[in-house]
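Comments concern the structure below.
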Amino acid sequence: MALQFNFLLFASLLFIASTCFHARSEQPIKPNDPKVVGIAKFAVQERNKEAKTNFKLVKVNAGGTDPIPDGVVYQLYISVTEASVSTTRLVIVLVHKDNTKELLAFE
Numbered sequence: 001m002a003l004q005f006n007f008l009l010f011a012s013l014l015f016i017a018s019t020c021f022h023a024r025s026e027q028p029i030k031p032n033d034p035k036v037v038g039i040a041k042f043a044v045q046e047r048n049k050e051a052k053t054n055f056k057l058v059k060v061n062a063g064g065t066d067p068i069p070d071g072v073v074y075q076l077y078i079s080v081t082e083a084s085v086s087t088t089r090l091v092i093v094l095v096h097k098d099n100t101k102e103l104l105a106f107e
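At position 20 of the sequence shown (counting the first as 1) the number is 20 in the UniProt record's numbering, and the numbers step up by one without a gap.
Printed below as a string of structure tokens:
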């Protein structure tokens with residue numbers, strides 16, 4: 001039951017985040033910007049801690065930002081490897097006004 005609730009919560013957050021990006025004016029990012037790379041590294045580290053995975057960031061491919069009242073939401077498409085398998089993932093990170101980061105989605 002808890003797993004089902006977590007999935008529904010995750011799906012709801014993802015829907016809300018993607019709706020925000022389409023309803024507002026998303027600003028593109030520079031994939032090699034050190035701040036953007038740092039946010040991508042944070043997302044990978046958080047995912048590895050939460051899900052006990054071993055992803056390694058290869059690069060940031062593309063993405064955008066969207067300012068919200070609490071801070072800035074980063075939606076990044078990143079390349080990662082795990083056990084020599086390379087995949088592209090979508091990560092959504094909220095950077096609060098006090099510069100704390102929160103991983104909203106990793107898929």
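Each residue gets a CB set at the ideal place from its N, CA and C atoms; glycine is no exception.
Please read all numbers here as calculations on a predicted model, not as lab measurements.
Which of helix, strand or coil DSSP assigns to residue i
| i | result |
| --- | --- |
| Asn54 | coil |
| Leu3 | Because the pLDDT of Leu3 is 49, which lies under 50, any placement of that residue in the model is unreliable, and the question is left without a value. |
Strand pairing of residue i, partner residues [DSSP]
| i | result |
| --- | --- |
| Gln27 | Thr65 |
| Gly71 | Ile68 and His96 |
| Ala105 | Ile92 |
Whole-Å CB distance - residue i paired with residue j, under 8 Å assumed
| i | j | result |
| --- | --- | --- |
| Thr87 | Asn61 | About 11 Å separates the two Cβ atoms, so there is no contact after all. |
| Asp66 | His96 | Not confirmed; about 14 Å, so no contact. |
| Phe55 | Glu82 | 5 Å |
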